[in-house]
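Numbering (the working numbering), first residue to last: 74 to 290.
Next comes the structure, spelled out in structure tokens:
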């Protein structure tokens, strides 16, 4: 999958633009709801980080953040680093060029108060969805927020997939705080609050398998 070309779709593909707006709003809401004056953020499969960049430039939150963005594509990582640096945000938002599906990629990272799992679940199949969600507990501090997305397209059984994701979060000890469909109904964007205790992450092994949807169709 050519992820650099895929990200170009944000320029003129209105469903992705609508998703970006809703994700940014829910991320801002999550940051503002947290008591911490400096919010620790972790983003999985972060791409170039434009969703977080939009939040930090929007003025919708005035809180300080400390963010780590995990992304495997080196070109997207460099594009993201450049974009944040141009706005003076390079010191508080750091990219880690690594495989987000592996526990080892998160070694030495602090527990997060906000975890972003955006653009991921449409590329995760079967029981790997549940594995990923239950593993998120190991990333979270108590009362941490998680913002996630899923395509709702009929050809991808999107509505059923989104329902299953929401059930898995509930089973894993998360409480739903928001779920909205984008204006065109193409994407679902949701937020959860972790109500469990802090857990340890394994140091090695696979969290989930990433299988790009368009590579399989």
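For glycine and all other residues, C-beta sits at the position ideal for the given N, C-alpha and C. These numbers come from a predicted model, not from an experiment.
Own chain residues within Cβ distance below 7 Å of residue 183, not counting five before or after | Numbered from its first residue, the chain shown carries residue 183 at position 110. Cβ within range, chain order: 113.
Can you tell which of 260, 218 and 154 has the C-alpha that lies nearest to the C-alpha of residue 109?
-> Numbered from its first residue, the chain shown carries residue 109 at position 36. The shortest Cα separation from residue 109 among 260, 218 and 154 belongs to 218.
Tell me, please, whether the region 177 to 195 touches the region 148 to 160 by the rule of three or more beta-carbon pairs shorter than 8 Å.
-> Fewer than three beta-carbon pairs drawn from the region 177 to 195 and the region 148 to 160 are found closer than 8 Å, and the two stretches are therefore not classed as touching.
What residues are listed by DSSP as bridge partners for residue 141?
-> Reading the chain shown from its first residue, position 68 is the one you call residue 141. According to DSSP, which records beta bridges pairwise, residue 141 is partnered with 115 and 167.
Pull up the DSSP beta-bridge partners for residue 248, would you.
-> For the purposes of this step, residue 248 is taken as residue 175 along the chain shown, with counting starting at 1. Beta-bridge analysis with DSSP links residue 248 to 266.
Enumerate in chain order the residues of its own chain whose CB-to-CB distance from residue 203 is below 7 Å, with the five nearest sequence positions on each side excluded.
-> Position 130 of the chain shown holds residue 203. These residues qualify, in order along the chain: 241.
In or out: residue 273 buried (at least 16 other Cβ within 10 Å) or exposed?
-> Taking the first residue of the chain shown as 1, we reach residue 273 at position 200. Exposed: under 16 other Cβ atoms inside 10 Å.
Ordered along the chain, which non-local residues of its own chain (more than five positions away) have a Cβ less than 7 Å from that of residue 210?
-> Here residue 210 is taken as the residue at index 137 of the chain shown, counted from 1. Cβ neighbours of residue 210 beyond the five flanking positions: 245, 246, 267, 269 and 272.
Does the distance from the CB of residue 143 to the CB of residue 103 come in under 8 Å?
-> Sequence index remark: in the chain shown, residue 143 carries index 70 (1-based). Sequence index remark: in the chain shown, residue 103 carries index 30 (1-based). Not closer than 8 Å, so no.
Keeping to the same chain, check which residues put their C-beta closer than 8 Å to that of residue 160; ignore five residues upstream and five downstream.
-> For this step, residue 160 is matched to residue 87 along the chain shown. Here the set comprises 126, 129 and 130.
DSSP beta-bridge partners of residue 175 | By 1-based counting over the chain shown, the position of residue 175 is 102. DSSP, once it has assigned bridges, lists 279 as partnering residue 175.
Could you tell me if residue 105 is buried or exposed, where buried requires 16 or more neighbouring beta carbons within 10 angstroms of its beta carbon?
-> In the chain shown, the residue the question calls residue 105 occupies position 32. Counting Cβ neighbours within 10 Å, residue 105 comes out exposed, since fewer than 16 surround it.
Which residue from 264, 232 and 178 puts its Cα closest to that of residue 216?
-> As a first step, residue 216 is located in the chain shown; it is residue number 143 there, counting from the start. Closest by alpha carbon: 264.
Looking only at its own chain, which residues have a Cβ that is under 6 Å from the Cβ of residue 190, when we skip the five neighbours before and after it?
-> Residue 190 sits at position 117 when you count from the first residue of the chain shown. Taken in chain order, the residues that qualify are 117 and 221.
Three-state secondary structure (DSSP) at residue 225?
-> One-based indexing of the chain shown puts residue 225 at position 152. For residue 225, the secondary structure class from DSSP, reduced to helix, strand or coil, is coil.
Neighbour flag for residue 192 against chain B, beta carbons, 8 Å = Note that chain B does not occur in the displayed structure, where there is just one protein chain.
Beta-carbon separation (whole angstroms), residue 235 vs residue 248, contact threshold 8 Å | Numbered from 1 along the chain shown, position 162 holds the residue referred to as residue 235. Numbered from 1 along the chain shown, position 175 holds the residue referred to as residue 248. Residue 235 to residue 248, Cβ: 17 Å. No contact.
Member of 205, 195, 158 and 141 whose CA lies at the smallest distance from the CA of residue 226 | By one-based count along the chain shown, residue 226 stands at place 153. When only C-alpha atoms are compared, the closest one is 195.
Element boundaries [beta strand (DSSP E), containing residue 188] = Locating residue 188 in the chain shown gives position 115, where the first residue counts as 1. Residues 185 to 190.
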